[in-house]
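**Student:** This is the structure I have questions about; it appears just below.
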């Protein structure tokens with residue numbers, strides 16, 4: 004389980020990385036059950052980006068894989084993707100930009116971003132997770 008201090012460390016590392024990239028972003032940290040632990044909107048990030056970051060993080064936590072993987076899976080299943088989004092009250096967001104957070108091989112949560120391209124969002128999240136001593140895969 005991610006503590007609030009761990010979530011703050013992830014948010015801080017993500018903020019530093021997005022500043023290095025030069026793209027304002029919002030970040031959401033979810034625990035393994037998809038509950039919000041921390042949220043940060045950097046200066047200049049679009050207001051909607053906080054909601055999008057939460058959806059991406061929720062999706063990565065739900066499946067224990069980067070949210071980009073769900074996009075790839077759902078591209079050929081648009082009706083199912085729409086149904087999942089409706090069934091989860093809009094939380095299912097199959098777009099690149101979030102990664103799971105693993106500690107000692109166990110899923111403890113996810114970090115999602117929004118504000119850049121999907122790839123920029125995911126790269127910033129991956130860098131932040133690694134900088135904090137976690138992994139984005141179980142192995």
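Residue numbers (the working numbering): 4 to 142. Glycine is no exception: its CB is placed at the ideal position from the N, C-alpha and C atoms.
Going by Cα to Cα distance, which pick from 91, 27, 82, 86 is closest to residue 45?
**Tutor:** Translated into positions along the chain shown, residue 45 becomes position 42. For residue 45, the nearest C-alpha among the options comes from 27.
**Student:** When you compare each of 5, 7, 8, 61 to residue 117 by their alpha carbons, which one comes out closest?
**Tutor:** Locating residue 117 in the chain shown gives position 114, where the first residue counts as 1. That would be 61, whose Cα lies nearest to the Cα of residue 117.
**Student:** Under a Cβ-count criterion, where at least 16 other Cβ atoms within 10 Å of its own Cβ denotes burial, should residue 122 be classed as buried or exposed?
**Tutor:** Against the chain shown, residue 122 aligns to sequence position 119. Exposed, by the Cβ-count rule.
**Student:** Is the beta carbon of residue 115 closer than 8 Å to that of residue 101?
**Tutor:** Indexing the chain shown from 1 puts residue 101 at position 98. Indexing the chain shown from 1 puts residue 115 at position 112. Cβ distance < 8 Å, so residue 101 and residue 115 count as in contact.
**Student:** Where does the unbroken alpha helix (DSSP H) through residue 81 begin, and where does it stop?
**Tutor:** Counted from its first residue, the chain shown places residue 81 at position 78. Residue 81 -> alpha helix (DSSP H) spans 81-90.
**Student:** Verify whether the separation of the beta carbon atoms of residue 37 and residue 65 is less than 8 Å.
**Tutor:** Here residue 37 is taken as the residue at index 34 of the chain shown, counted from 1. Here residue 65 is taken as the residue at index 62 of the chain shown, counted from 1. Result yes, Cβ atoms of residue 37 and residue 65 sit closer than 8 Å.
**Student:** DSSP three-state call for residue 94: helix, strand or coil?
**Tutor:** For the purposes of this step, residue 94 is identified with residue 91 of the chain shown, where counting begins at 1. DSSP places residue 94 in coil when its eight states are reduced to three.
**Student:** Mapping DSSP to helix, strand and coil, what is residue 114?
**Tutor:** The residue you call residue 114 lines up with position 111 of the chain shown. The answer is strand: DSSP assigns residue 114 an E or B state.
**Student:** State the start and end residues of the unbroken alpha helix (DSSP H) segment that holds residue 34.
**Tutor:** For this step, residue 34 is matched to residue 31 along the chain shown. Looking at the DSSP string, residue 34 is not in any alpha helix (DSSP H); the run it does join, the beta strand (DSSP E), is 29-34.
**Student:** Should residue 10 and residue 47 be called a contact, given that it needs their Cβ atoms to be closer than 8 Å?
**Tutor:** The residue given as residue 10 occupies position 7 in the chain shown. The residue given as residue 47 occupies position 44 in the chain shown. Inclusion of residue 10 and residue 47 in the CB contact set at 8 Å is not warranted, their separation being larger than that value.
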